[in-house]
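Input: a single structure, listed below in structure tokens.
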Amino acid sequence: MKASPLTIQEYSDSFPDSVQVLLLQIADTIHQVCPEAKPTIQYGMPTYMWRRKALIHYAAYKKHLGVYPVPTAGTPLIDSFAGYKTSGKGTIQFPFTEELPVDLLRAIIRYRMEQIAKVNS
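Counting from 1019, one number per residue, gives the positions in the sequence shown under the numbering used here.
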């Protein structure tokens, strides 16, 4: 059985170069939107913590990148998810066959920051 990665770099290194580029793009986007976010591994996947809460998790799979948690029904961003596979459990999938929607990813991160800020206020 393969050991779980201890760092985001170890996680990324376990994928082909084409996927590593996308994983780095996600990490860079997180740092641009929330420079204070701290990288870690939770549930075996890259996670960024902010104000002691999980800001965002992401993972690479065979054909897509998964991002968690994302807004669910009844939130302003939900219309932006058209064209992507989602679940009612706060998951969105970005296929490897399409360009990473960086603007949508930024909006998801900002939304999560707003949620966390409300809890911590």
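All C-beta atoms, glycine included, are put in the ideal place defined by N, C-alpha and C.
No experiment lies behind these values; they were computed from the predicted model shown.
I'd like the list of long-range same chain contacts for Gly1108, defined as Cβ closer than 7 Å, with 5 residues on each side in sequence excluded.
Tyr1086, Pro1087, Val1088 and Thr1090.
Rounded to whole angstroms, what's the CA-CA distance from Val1039 to Val1137? Just pull it up for me.
If I take the Cα positions, the gap works out to 33 Å.
Are the segment 1030-1046 and the segment 1114-1126 touching by the rule of at least three beta carbon pairs closer than 8 Å?
Yes, the segment 1030-1046 is in contact with the segment 1114-1126.
Could you tell me which residues DSSP pairs with Val1085 in its beta bridges?
Paired residue(s): Tyr1076 and Ile1110.
Out of Lys1056, Arg1069 and Pro1064, which one is the CA nearest neighbour of Ala1078?
Looking at the Cα atoms, Pro1064 is the closest of the given residues.
Can you look up Thr1104 in the DSSP assignment and give me helix, strand or coil?
Here Thr1104 sits in strand by DSSP.
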